[in-house]
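Residue numbers (full-length UniProt numbering), protein chains in the order written: chain A, 1 to 534; chain B, 1 to 127.
For every residue, glycine included, the Cβ atom is placed at its ideal position computed from N, Cα and C.
See below for the structure under consideration.
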């Protein structure tokens with residue numbers, strides 16, 4: 001039993017247990033949440049790095065919970081392979097990094113950080129689990145954490161958005177559970193490894209009524225995940241949730257929650273059901289590709305017409321995940337690697353864009369596209385980082401967005417699915433449409449008189465101003481009100497901490513640096529993809 | 001054809017019931033304007049799935065893994081314990097979801113003073 005294997009259950013258990021600590025300490029101290037969370041997430045990142053290094057050598061680490069080693073498939077397994085290790089790395093890095101924003105940007109309070117840790121624990125569990133029912137439980141833990149995070153905003157809209165997501169998210173997870181029920185009926189197994197290597201190939205070979213059950217199971221699971229990943233037309237919860245969540249929370253959920261759900265779909269599709277089942281089932285490939293392609297087009301088109309910047313980025317997520325789903329449907333090794341790269345790249349870029357949106361809202365008071373006018377002149381650093389991230393999102397090399405799309409396109413052409421290749425080209429055009437709209441406002445439109453004269457250095461009392469900032473955000477669309485409201489309304493550059501800037505610039509740089517890592521990803525994921533496409 | 005349908009209904013009535021119950025839950029979730037009743041619809045939807053799991057757990061001629069083996073196992077109809085464990089876990093998850101949902105509804109009621117979705121939409125449109 002290696003060290004890395006023992007770390008796997010700890011990666012899941014430690015954040016969930018630590019979630020109780022901020023609340024317990026809150027009985028005596030007011031502000032321990034941030035420190036506890038920072039300590040835990042950095043520790044998790046270190047542990048994940050160690051696990052990832054071990055996985056690089058051994059290819060796969062498995063921990064069977066409860067000591068049910070024999071017979072295989074009875075005990076719940078936690079599995080770290082190149083694919084899941086990569087996702088856990090993304091989760092821990094993002095969770096630790098975004099604390100630099102919430103330190104001064106809020107939301108505050110010990111209960112918020114308890115929810116933060118619970119969400120991180122759920123995400124790591126969802127990434128590591130090797131059992132389809134356990135996956136449902138973690139899906140719901142992630143959901144619960146996300147609902148709590150979204151509703152931690154001050155405004156009443158955040159509660160409405162969270163309730164909407166709760167109802168839709170529960171339906172999604174329940175549909176997944178029905179799929180698991182059919183899967184269990186057909187095979188009698190819940191372990192992903194057992195399903196993928198023995199149970200499902202046997203049924204695919206044999207055919208008959210069990211195969212019908214299996215197809216029904218896949219249909220339910222796919223629709224359930226399409227809801228969780230926010231594919232058109234099941235995406236309606238996402239724009240509300242991203243827009244109304246507090247600025248400090250949106251980067252976390254936008255970068256991780258849908259990403260890990262998309263990972264889970266990939267895991268169930270490729271490790272449990274297997275390429276043979278996917279390729280032999282009539283119309284399955286067409287349906288998956290169509291869902292993805294339609295989401296790409298619908299998501300980008302809706303993004304173009306949005307006024308609110310956070311809402312625009314939310315619709316952009318719908319379209320980017322459409323690419324990932326379409327790439328899953330291509331069923332080639334290159335497209336799968338491209339999908340995984342795009343998952344990681346999109347997570348990094350969206351985290352950066354939402355951090356940028358938060359920073360700009362605090363320092364410039366801008367939340368709609370029109371209010372971004374003149375940003376480059378007044379806040380060059382924030383505008384520059386946003387511009388780099390937008391260019392990366394469009395997919396201009398070298399950037400994380402480019403290599404993901406490139407591999408997906410190459411994979412689609414290998415599979416002779418010209419529709420995906422066309423959709424990628426179209427999505428780049430449409431991404432350019434909404435990104436260029438924002439870039440044009442920031443760099444080429446002079447600031448409007450309402451926004452223009454910024455009294456320098458208004459907020460001088462440390463980190464406090466942004467608390468007023470949070471609660472008054474809903475009035476911001478009306479420029480006339482701004483002048484009469486409190487001095488924090490328009491925002492002040494002093495409200496942005498050094499940590500926020502380092503975080504933002506760091507993410508922008510990593511979005512570019514990841515653009516050079518295509519070959520590295522390929523090599524790293526080789527053990528996983530060769531097992532899937534043996 | 002009708003006989004065949006009746007036979008299916010007689011032997012598989014649990015599945016038919018489950019989908020009826022699920023439909024009722026789904027309809028409540030979509031059509032009812034009251035937020036609390038929407039949440040009850042979600043619960044009904046989930047309960048239907050739990051019943052489905054319990055219904056599939058019967059194993060004809062199976063052996064109970066817990067009780068010592070019966071000398072003549074072929075005559076017994078046993079229930080597999082695994083789906084029951086799954087349902088227990090899922091019930092706990094469902095309770096947590098209901099609690100969070102109700103907490104959100106309490107907050108919405110405190111902020112907007114209404115539990116009806118159509119009124120809520122009007123209030124929000126006015127702002």
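Inset, instruction - Give the DSSP-derived three-state secondary structure of residue 80 (chain A) in the structure shown. - result: strand
Inset, instruction - Starting from residue 116 (chain B), follow its DSSP beta bridges and name the residues at the other end. - result: B:34
Legend entry - Bridge-paired residues (DSSP) for residue 191 (chain A): A:131
Inset, instruction - Note down the Cα distance separating residue 86 (chain B) from residue 429 (chain A), rounded to an integer number of angstroms. - result: 47 Å
Inset, instruction - Return no unless some Cβ of chain B is closer than 7 Å to the Cβ of residue 162 (chain A). - result: yes
Inset, instruction - Sort A:249, A:199, A:91 by Cα distance to residue 146 (chain A) and report the nearest one. - result: A:249
Legend entry - Members of the region 142-161 of chain A near chain B, C-beta cut-off 8 Å: Within the region 142-161 of chain A, the qualifying residues are 143, 144, 147, 148, 151, 156, 157, 159, 160.
Legend entry - Same chain only: Cβ atoms within 7 Å of residue 356 (chain A), ignoring 5 sequence neighbours per side: 382, 385, 386, 389, 504
Inset, instruction - Please state whether DSSP places residue 32 (chain A) in a helix, a strand or coil. - result: coil
Legend entry - N-terminal and C-terminal residue of the alpha helix (DSSP H) that residue 346 (chain A) is part of: First-last of the alpha helix (DSSP H) with residue 346 (chain A): 333-364.
Legend entry - Cβ distance (whole Å) where residue 127 (chain A) is taken to contact residue 260 (chain A) below 8 Å: 6 Å
Inset, instruction - Look up residue 369 (chain A) in the DSSP assignment and say whether it is helix, strand or coil. - result: coil
Legend entry - Bridge partners - residue 308 (chain A), DSSP secondary structure assignment: A:368
Legend entry - Cβ pair count under 8 Å reaching 3, the region 54-72 of chain A against the region 110-119 of chain A: no
Inset, instruction - Report the rounded CA-to-CA distance for residue 408 (chain A) versus residue 521 (chain A), giving the unit in angstroms. - result: 13 Å
Inset, instruction - Say whether chain D places a C-beta atom closer than 7 Å to the C-beta of residue 40 (chain B). - result: Judged by its chain identifiers, the structure shown contains no chain D, and its protein chains are A and B.
Inset, instruction - Tell whether a beta-carbon distance below 7 Å holds between residue 11 (chain A) and residue 47 (chain A). - result: Closer than 7 Å, so yes.
Legend entry - Bridge-paired residues (DSSP) for residue 64 (chain A): A:77
Legend entry - Straight-line Cα distance separating residue 107 (chain B) from residue 25 (chain A): Roughly 26 Å separates the two Cα atoms.
Inset, instruction - Return the residues of the region 1-22 of chain B that lie within a Cβ-Cβ distance of less than 7 Å from chain A, sorted by chain order. - result: none
Legend entry - 7 Å Cβ cutoff, residue 121 (chain B) in contact with chain A: no
Inset, instruction - Using 10 angstroms around the beta-carbon of residue 11 (chain B), count the other beta-carbons present and answer buried if the total reaches 16, otherwise exposed. - result: Classification for residue 11 (chain B): exposed.
Inset, instruction - Starting from residue 108 (chain B), find everything on chain A with Cβ-Cβ shorter than 9 Å and list it in chain order. - result: 156, 159, 160, 163
Legend entry - residue 282 (chain A) - DSSP class collapsed to helix/strand/coil: Of the three classes helix, strand and coil, the one that applies to residue 282 (chain A) here is coil, per DSSP.
Legend entry - Same chain, Cβ closer than 6 Å to residue 238 (chain A), neighbours up to 5 away in sequence not counted: Hits under 6 Å: 230, 314.
Inset, instruction - Just confirm the distance between the C-beta atoms of residue 153 (chain A) and residue 246 (chain A), as a whole number of angstroms; I'd bet it's less than 8 Å. - result: 4 Å
Legend entry - Proximity winner among A:108, A:420, A:323, A:368, relative to residue 304 (chain A) (alpha-carbon distances): A:368
Legend entry - Reference residue 376 (chain A), options A:442, A:42, A:92, A:81, closest by Cα: Shortest Cα-Cα distance from residue 376 (chain A) to any of A:442, A:42, A:92, A:81 involves A:442.
Inset, instruction - Given a cut-off of 7 Å, decide if residue 210 (chain A) and residue 186 (chain A) are closer than it, judged by their beta-carbon atoms. - result: yes
Legend entry - Simplified DSSP assignment, three categories, for residue 29 (chain B): DSSP places residue 29 (chain B) in helix when its eight states are reduced to three.
Inset, instruction - Out of A:195, A:97, A:531, A:133, state which residue places its alpha-carbon closest to the alpha-carbon of residue 84 (chain B). - result: In this structure, A:133 is the residue among A:195, A:97, A:531, A:133 with its C-alpha nearest to the C-alpha of residue 84 (chain B).
Legend entry - 7 Å Cβ cutoff, residue 323 (chain A) in contact with chain B: Between residue 323 (chain A) and chain B, the shortest Cβ-Cβ separation is not below 7 Å.
Legend entry - C-beta contact flag for residue 542 (chain A) and residue 405 (chain A) at 7 Å: Absent from the model: residue 542 (chain A). The displayed extent of chain A is 1 to 534, so no value can be given.
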